[in-house]
Structures are given as C-alpha cells and as structure tokens.
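Visitor:
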Amino acid sequence: MATNNKRRKLIRSFVTGGLLVLLTSFILLTAPRPTLYIIGDSTVKNGDGRGGKDMWGWGSFMADRFDTTRIQVQNHAIGGRSSRTFITEGRWDRILEQLKPGDFVIMQFGHNDAGPLDDTARARGTIKGIGEDSTAIYNPIRKVNEVVHTYGWYMRKYINEAKAKGAIPIVCSPVPRNNFKNGKTERANGSYGKWAGEVAKAGDAFFIPLNDLIADQYDALGADSVKHFFPVDHTHPNKNGSTLNADLVVKGIKELKKCELKKFLK
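Now the structure itself:
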C-alpha cells in the first residue's frame, strides 16, 4: 500500500510538473511580442524597400539583425517625407493606433526638412531649429491652410506621443551624404544632426549619433571607396552602403545605456 501511494504521488508530481511546463510554454508563445517601428525617409527605406535602381535604405536590413521570434520589426519609412509630412499624411497616427507599452520607435528625419515650406512640388520643409517658431501657410499640395513648425517641434511630437503610449523612442541623426571636403565627410553637426541630439536629450529619449558614426567610417574608408556606395546620386546608398549603415545603427543600439532594445539583437 505504501508503495502504491508513493507511485501515485510520483505520478501526480510528474503530471503537475508537465502541466506547469506546458502552461509556461503557452504563455511565452501567446504573449504579445514587442514591435520595433522604424520611421524615416528614403535613406531608411527607398521605394518598396527591395533595392530598385540599386538604391536601398538601412531599415531594409534591420529585421535580419534582430531575433524576430521575440520582437517584430516594421519599417514604415517612406521616401520623400520629412518630419512634418510623415505626420500630416497620417502615417504617424496609423502607427500610434497600434503602438503599445514596451514597443520601440526608431526615427530618422532631416534630409527633406530643408526644403521649401509651400512650393508646388513637395511642400515638405520645416522651420530650421528646435524652437517653438511657427508660420501659417497655404499648402498647395494638400490644398489646405497649415501651420508649419520647426524640425524640433515635430521630433518632440514623435518622442512625447511615443512615450505617452508606453513605447521607447530612439532618435537617430540623419545619415551623411557622399559629400567630402578637404578629404573629410561633411557632417550635420551644425544642423539636423545637432538638433536631433538636442531634442532627444531634452525629451529624455535615446539618441544614436548616426551621422557621426557613419561619417567616421567614411573618413576611414576615404572618398574613393565611399563613392562606390552611391551609384545613382550623393544621397541614396546601394546595398553595401546601406548594410554598412544598418551595422552602425546596431552599434549605436549596443552603446545605448539602459536601452532594452539591445537584448533583442542577434
């Protein structure tokens, strides 16, 4: 009888342990994965993101660098957009509808923000700087009256609204173009690169000095080597150039203190 009781207890122990393992596995499998949302311009995603005309963006290579069994990676960047027009076209609102606590948003804008505010071709520019300046215009593309703000104002909007959803914002300074002067890459340290860093710091967001990270690499390679990354123009890198940029985004993520995103990297 004592032996039978021991057997029953042993069986119950195995069954209970097995159920706990199954339950834990079920919870892990059904728990929602966080999502990394990537937003930006054509240097982040060019065209449909599949390298048309040998032009790519670094965002097209980011999913390969993460463990996508534990985190989703969505590249919502789109060519031609500025920090302003990504919002006015409703693209940011669509992301906000899905954004949940624990998600991440990496943002890189600046290349198109220097354009005119109200021209008939794009009407995508923002006021330079990070202040609270604004101006009222008529937008000939959208055919509406619009108040245009500074680059910093729009970037603050992304940061604040992401944080309000419980998501973690990460600001990147814009990637450099293939412009060399006296043997050195021209940097954005007096404009969008500087402003991106200032806005991130003021908004308590993470910041990747991507402009400097890539420019340092370009300087080490030299102008003759870097030109092979730009077969079409001085702005849009090919696959090799965009892969390099993606590697440097990863380097930047790894160097962020207390940023949980790094634990999802491969």
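Residue numbers (this note's numbering): 23 to 288.
All C-beta atoms, glycine included, are put in the ideal place defined by N, C-alpha and C.
Between which residues of its own chain and Pro306 is the CB-CB distance below 7 Å, once the five residues before and five after are set aside?
Guide: Since the first and last residues shown for the chain are 23 and 288, residue 306 lies out of range.
Visitor: Could you check whether Phe228 and Pro191 sit closer than 8 Å to each other, using their CB atoms as the reference points?
Guide: Against a cut-off of 8 Å, the Cβ pair of Phe228 and Pro191 comes out as a contact.
Visitor: Going by the CB atoms, is the gap between Val66 and Gln130 shorter than 8 Å?
Guide: The answer is yes: Cβ separation under 8 Å.
Visitor: On the criterion of 16 or more Cβ atoms from any shown chain inside 10 Å, does Gly112 qualify as buried, or is it exposed?
Guide: By the neighbour-count rule (16 or more Cβ atoms within 10 Å), Gly112 is not buried but exposed.
Visitor: Just curious, the alpha helix (DSSP H) that Val221 is in, first and last residue?
Guide: Its alpha helix (DSSP H) spans residues 214–224.
Visitor: In the DSSP assignment, find the unbroken beta strand (DSSP E) run with Glu282 in it and report its ends.
Guide: No beta strand (DSSP E) holds Glu282; DSSP gives it neither H nor E.
Visitor: For the alpha helix (DSSP H) containing Leu270, list its first residue and its last residue.
Guide: Note, Leu270: alpha helix (DSSP H), 261–276.
Visitor: Based on the DSSP output, what are the partners of Thr57 in its beta bridges?
Guide: Answer is Gln94, bridged to Thr57.
Visitor: Beta-carbon within less than 6 Å of Ala222's beta-carbon, same chain only, minus the 5 sequence neighbours each way: which residues are those?
Guide: Excluding positions up to five away in sequence, the list reads Val193, Phe229.
Visitor: Determine the direct distance from the alpha carbon of Asn204 to that of Ile128, and round the result to whole angstroms.
Guide: Rounded to the nearest angstrom, the two C-alpha atoms are 32 Å apart.
Visitor: Is it right to say Tyr240 is buried, meaning 16 or more other beta carbons lie within 10 angstroms of its own, or is it exposed?
Guide: That one is buried.
Visitor: Assuming Gly153 contacts Thr172 (C-beta within less than 8 Å), just tell me the rounded distance between them.
Guide: The pair is a contact, with the Cβ atoms about 5 Å apart (cut-off 8 Å).
Visitor: Could you tell me the distance, in whole angstroms, from the CA atom of Ile109 to the CA atom of Ala99?
Guide: Those two C-alpha atoms are separated by around 12 Å.
Visitor: Can you grab the Cα-Cα spacing for the pair Gln96 / Asp89, in whole Å?
Guide: Looking at the two C-alpha atoms, the distance is approximately 13 Å.
Visitor: Extract the residue ranges of the beta strand (DSSP E) inside the region 70–118, only unbroken runs of 3 or more that lie entirely within it.
Guide: Correct list: 94–97.
Visitor: Are three or more beta carbon pairs between the region 207–217 and the region 179–191 nearer than 8 Å?
Guide: Result no; under three Cβ-Cβ pairs closer than 8 Å.
Visitor: Quick check on Ser247: buried or exposed, where buried means 16 or more other Cβ atoms within 10 Å of its Cβ?
Guide: Result: exposed.
Visitor: Whole angstroms are fine: how far does the CA of Gly225 sit from the CA of Asn182?
Guide: Going by the C-alpha atoms only, they are around 7 Å apart.
Visitor: Given a cut-off of 8 Å on the beta-carbon distance, is the pair Asn201 and Trp80 in contact?
Guide: No, Cβ-Cβ distance for Asn201 and Trp80 is not below 8 Å.
Visitor: Opposite Gly137 in the DSSP bridges: which residues?
Guide: The partner list for Gly137 (beta bridge, DSSP) is empty, contrary to what the question assumes.
Visitor: Tell me whether His171 sits in a helix, a strand or coil according to DSSP, three-state version.
Guide: The answer is strand: DSSP assigns His171 an E or B state.
Visitor: Cutting at 6 Å between CB atoms, please list the residues of its own chain near Gly71, excluding the five before and the five after it.
Guide: The residues are Ser82.
Visitor: In three-state DSSP terms, what is Lys67?
Guide: DSSP places Lys67 in coil when its eight states are reduced to three.
Visitor: Since Pro191 sits in a beta bridge, which residues does DSSP pair it with?
Guide: Paired residues: Val127.
Visitor: Hey, out of Trp217, Ile149, Asp63, Pro259, whose CA is closest to Ile236's CA?
Guide: The option with the nearest alpha carbon to Ile236 is Pro259.
Visitor: I'd like to know whether the C-beta atoms of Val271 and Leu232 end up nearer to each other than 8 Å.
Guide: A contact, by the Cβ cut-off of 8 Å.
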